Amino acid sequence: MRARPQQVRSDPEKTASGQWLRAMIYVLYIIVFVICLYTGRHYCFTLNRLFGFQRHPYIDIDTADWPPVTVLVAAHNEEKVIANILEALMTVKYPVDKMLVIPVNDRSTDLTREIIDKFVEQFPGRIQPFHRVGGKGGKAAALKDAMENVTTEVILIFDADYIPGAGLIKQLVAPFFDIEVGGVMGRVVPMNAGTNLLTRLLDLERSGGYQVDQQARMNLRLVPQHGGTVAGVRLSALREIGGWNENSLTEDTDLTYRLLLNGWKTVYQNRSECYEEVPEVWPVRIKQIMRWAKGHNQAMVTYGLHLLVGKHRATLRERIDGTLLLGVYAMAPITLLGWGLALGVFYQGVAPLHGVIALLSLTAYAAIGNLAAFFEIAAAARLDGTRKRICLLPFLILGFGVSIFSVSRAAAVQMSDFVTGAEFHWDKTERFRKVL
Amino acid sequence: MNPYLAVAVLVCTVGLMFVLPLIPALVELRRKSDALPLSVVQQNAGEIRYFSDSFRAYMNGLEPIMQGCVVAGTTATGALPDGEEYVVLGRVDEPLVLALQQRDTTHLVMGSDVDLILPAEARFSKDIYAGGQFIGGIKNNFRAILGEKNVHLGASSRVLRWVHAVGEFTADAGCGLDGRISSDSLIRLQNDCNFRRLNAPRIEIGSVAANPGASLPQLHSLANSGRPPRFLHDGDFEVQAGQVIVGDILIRGKLHIHSGARICGSVKSVEDAVIAAGVAVEGSLISAQKMRIGPHCAIHGPVIAERELAIARGSRCGTLEHPTTVSAPKIEIEEGVAVFGTLWARDYGQVVATQ
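Chains D and R, in that order, are what the protein sequence lines are. Residue numbering for the first sequence is -17 to 418, as defined by my numbering. Residue numbering for the second sequence is -13 to 341, as defined by my numbering.
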């Protein structure tokens, strides 16, 4: 559709303000196009999950000559949760002589160290602590330092608030029998889902993100994202791409793209589920999503252009999907900008859309497009076999509102930091479990 | 109408319409009827013996009755704590066989510490516990069987859920094995059997040579220190007959490994893979599409095909010391193949005659 401003002014195209208006309209069209693209992507993923061929190629590997594995548990002031994960890891079904747990105690000032040391005494030879007392902050920096203790080809990574089930380690190791696989990601399930409205909304969001988004990307051979926890990485692949990037706020996104650009695949195991704790208060959630947004945007700037047009081993569909995935957090400020532009041109007395086709498009988008994300989450809830929680879908608009402003704020702060040269600050997510 | 009232009515109506879709949400938020965390199985690691172990524990209470029946040579009936009716057999004689034959289906949990020899065409809708040898007749229909010794199914029999044999499990031609079949020593299937998930230290399809693929070199696995180099090729690729490649090969196209080649590493093909006769792969062998493994091949690591897998006579996957998994949605496997570990056809597996 071409822009055809109404003739409410005298030939606006010839004036400076008319040219501005025209530019605004074109930018608005581009934003609408990008939003439609993401809407189509939501539908594509959801329909694939509901009706497409489902790929779970490695989940059946239950008997094998299991390789030695190192499990890294990232812990910074985790006295509330660290005991739970160490207990769980000591009872998983994996050959005891082939699994070493390294709790990466990153400069904790609480009782994390004492709790870890108690477990080391209790399970001699099975836990090798890495107590880090200085150095750069952040999970990636801590993991990077801990790598000097890792000798196994397969490395699994957990955050300290996760509780792995008995079969999880085998499930996460199994994909590494495929020599194309550099990274593995399992599914995260909130264990405190029922605490309050926020946790229930996050439960729905996680469900949509993993059950539909991640699995659809796996099905369609796109770019499943490494989540940095309930995850694994191949040592030789990690070395090939230069190790952990300690300058990244989201080392998982960074890892996903560096693996992809170097010819390694990240695979998603939807049935490798693990409980986590989600934020129970909005300020913590906002901090968390702002950190994710900054890290993701950082990866977008670093890898976006190279991924799309550069010379590397990613396939065409991976290039497109990877680029769209990198842009996910940029969509919040873009959407806000779109709203502003739409209001701006409207109050300038211009209706940028005309005619029956435009009307039909608008109606169609209002009827279908706006529901894309909700449809995705509803489909995820259905696939999970949960029913009543779908009733909470309308409240997701609240989560959406908070996210769009938080993520936009993160982008603004990030740009400001870039201009002023300020360093990124890594915020740890607060835990809500009671100390054991 | 008073304009203030009109505005108030308008605001209220719009407000009500806005709140209306939130009512079920508010009710659910208050009631928390579906607020528990998604069920993640923490303790069951997908063990194939999970059901049989549970059933053994379930039948433990009947052990004294079963022993009593064996001593007295009698039959006992009753109800288990959950209300399921059972029959315990202390002997298997002609009247019992006749009774089983005359019934359309036996709807009782059956337990016995004596050898069970079942008549042809008997049907059992509940689980069976066999403390002694279990020998089925032809065209039997079972729900589940736990055998503490050997379990043998007659031709054209069918299992709906699972079988576990502490001894050997053997199935005559034409059996349909829809669920999990496991044995602590050996599974042997004859021609035209279909299967889903099999697990045993040794799985034989038809008659297998005593030591198939014995000439293979030492195992390479992820466990070995130092990775072999990874050779990555975009497009189709052929490994020549008799060629030896040291390293992992990743092919972003179709792969054809000609006869007698040896790969000292793992193999992955993004498209179809054809493995000719006598090929040896020391690591895993994976195809993202279809894979055909020719006769007398030996694969040490996991064998995965994302679409279809065919394995020809005389091939061997894994070893007794290093068991492995062979998996694909659809598997066709010829007589004479040996798999050590797990053979898992997610949709359908079929034993076919040697071509």
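Just so it is clear, CB atoms sit at the ideal spot from N, CA and C, and this is done for glycine as well. Quick caveat, the model's predicted, so the values are computed rather than measured.
Could you tell me the distance, in whole angstroms, from the CA atom of residue i to the CA atom of residue j?
i: R/His164; j: R/Trp330; result: One point to set straight first is that residue 164 of chain R is Asp, not His, in the sequence displayed. Whole-angstrom Cα-Cα distance: 11 Å.
i: D/Met282; j: D/Trp246; result: 19 Å
i: R/Arg302; j: R/Val323; result: 6 Å
i: R/Ser245; j: R/Arg299; result: 15 Å
i: D/Ile339; j: D/Leu71; result: 59 Å
i: D/Pro50; j: D/Leu82; result: 8 Å
i: D/Pro106; j: D/Asn352; result: 56 Å
i: R/Val74; j: R/Ala108; result: 17 Å
i: R/Gly287; j: D/Arg89; result: 41 Å
i: D/Gln251; j: D/Leu150; result: 10 Å
i: D/Glu255; j: R/Ser25; result: 9 Å
i: R/Ile191; j: D/Lys75; result: 30 Å
i: R/Met(-13); j: R/Leu2; result: 21 Å
i: D/Ile379; j: D/Phe356; result: 9 Å
i: D/Arg301; j: D/Asn244; result: 13 Å
i: R/Asp234; j: R/Val325; result: 23 Å
i: D/Pro376; j: R/Pro23; result: 20 Å
i: R/Asp68; j: R/Thr61; result: 21 Å
i: R/Ser169; j: R/Ile51; result: 26 Å
i: R/Glu307; j: R/Glu292; result: 26 Å
i: D/Lys269; j: R/Ala11; result: 26 Å
i: R/Pro281; j: R/Ile243; result: 13 Å
i: R/Ile189; j: R/Ile173; result: 5 Å
i: R/Glu318; j: R/Phe4; result: 58 Å
What does residue i touch in chain R if you count any residue whose Cβ is under 7 Å from its own?
i: D/Lys370; result: Glu14, Ser19 and Asp20
i: D/Ile139; result: Per Cβ cutoff of 7 Å: no residues; D/Ile139 is ~18 Å from chain R at best.
Checking 9 Å against the spacing of the C-beta atoms, do residue i and residue j come in under that value?
i: R/Val95; j: R/Leu139; result: no
i: D/Arg364; j: D/Asn201; result: no
i: D/Thr284; j: D/Tyr239; result: yes
i: D/Glu130; j: D/Pro261; result: no
i: R/Asp101; j: R/Ile124; result: no
i: R/Val265; j: R/Ala247; result: yes
i: R/Arg182; j: R/Arg35; result: no
i: D/Val120; j: D/Glu228; result: Residue identity differs from the one stated: residue 120 of chain D is Gly in this sequence, not Val. Yes.
i: R/Val267; j: R/Ile285; result: yes
i: R/Phe41; j: R/Arg166; result: no
i: D/Ala128; j: D/Arg108; result: no
i: R/Gly117; j: R/Asp99; result: yes
i: R/Ile290; j: R/Ser273; result: yes
i: R/Pro187; j: R/Pro309; result: yes
i: D/Asp303; j: D/Leu237; result: no
i: D/Glu162; j: R/Lys112; result: no
i: R/Val312; j: R/Asp178; result: no
i: D/Gln153; j: D/Ile67; result: no
i: R/Glu49; j: R/Ser193; result: no
i: D/Lys126; j: D/Trp48; result: no
In chain D, which residues lie less than 8 Å from residue i when you measure between Cβ atoms?
i: R/Lys254; result: Asp160, Ile161 and Glu162
i: R/Thr310; result: Thr45, Ala46 and Asp47
i: R/Val26; result: Gly147, Val171, Glu255, Cys256 and Tyr257
i: R/Asp99; result: The contacting residues do not exist; R/Asp99 stays about 31 Å from chain D at best.
Taking 8 Å as the cut-off, does the CB of residue i come closer than this to any heavy atom belonging to the ligand ZN?
i: R/Gln229; result: Judged by which ligands are present, the structure shown has none, so any question about the ligand ZN falls away.
Mind pulling the chain D residues with CB within less than 7 Å of residue i?
i: R/Arg332; result: Asp42
i: R/Leu218; result: Gly245
i: R/Glu292; result: Arg37 and Pro39
i: R/Gly76; result: Going along chain D, no residue has its Cβ under 7 Å from R/Gly76, so there is no contact; the nearest lies around 38 Å.
i: R/Gly300; result: Within chain D, no residue comes near R/Gly300; the closest Cβ sits about 22 Å away, beyond 7 Å.
So which residues of chain B does residue i contact, with C-beta pairs closer than 8 Å?
i: D/Phe377; result: Note that chain B does not occur in the displayed structure, where the protein chains are D and R.
Run down chain D in chain order and give the residues with a C-beta less than 9 Å from the C-beta of residue i.
i: R/Ile319; result: Here the premise fails: no neighbours, minimum Cβ distance about 15 Å.
i: R/Gly327; result: Asp44, Thr45 and Ala46
For a contact defined as C-beta to C-beta under 8 Å, what are the partners of residue i on chain R?
i: D/Leu298; result: Chain R residues near D/Leu298: none, gap ~13 Å exceeds 8 Å.
i: D/Asp366; result: Leu24
- Specify whether the region 298 to 318 of chain D and the region 14 to 31 of chain D touch according to this definition: at least 3 beta carbon pairs, one from each stretch, less than 8 Å apart. By the Cβ criterion, the region 298 to 318 of chain D is in contact with the region 14 to 31 of chain D, since at least three pairs of Cβ atoms, one from each stretch, lie closer than 8 Å.
Report task. Give the residues from the region 167 to 182 of chain D that approach chain R closer than 8 Å (Cβ to any Cβ), ordered along the chain. Result -> Val171, Pro172, Met173, Asn174, Ala175, Gly176, Leu179 and Arg182
inquiry  = Whether or not the region 203 to 218 of chain D and the region 163 to 178 of chain D are in contact is what I'm after, with contact meaning three or more pairs of Cβ atoms, one per stretch, closer than 8 Å; do they touch?
reply    = yes
Quiz item: Taking any Cβ of chain R, which residues in the region 241 to 260 of chain D have a Cβ under 8 Å from it, in chain order?
Solution: Gly245, Glu255, Cys256 and Tyr257
- prompt: Are the region 262 to 279 of chain D and the region 385 to 395 of chain D touching by the rule of at least three beta carbon pairs closer than 8 Å?
  reply: yes
*Evaluate the contact criterion for the region 19 to 33 of chain D versus the region 323 to 343 of chain D: three or more CB pairs, one atom per stretch, below 8 Å.*
Touching, no, given that fewer than three Cβ pairs across the two stretches are closer than 8 Å.
Worksheet item: Using Cβ-Cβ distances below 7 Å, what residues of the region 262 to 293 of chain R are close to chain D?
Response: Ser270, Ile272, Gly287, Pro288, Ile290 and Glu292
Listed in chain order, which residues of the region 179 to 190 of chain R have Cβ atoms closer than 7 Å to some Cβ of chain D? Asn185
- Relative to chain D, which residues along the region 222 to 237 of chain R have a C-beta separation below 9 Å, given in chain order? Asp234, Ile235 and Leu236: these are the residues of the region 222 to 237 of chain R whose beta carbon lies less than 9 Å from some beta carbon of chain D, given in chain order.
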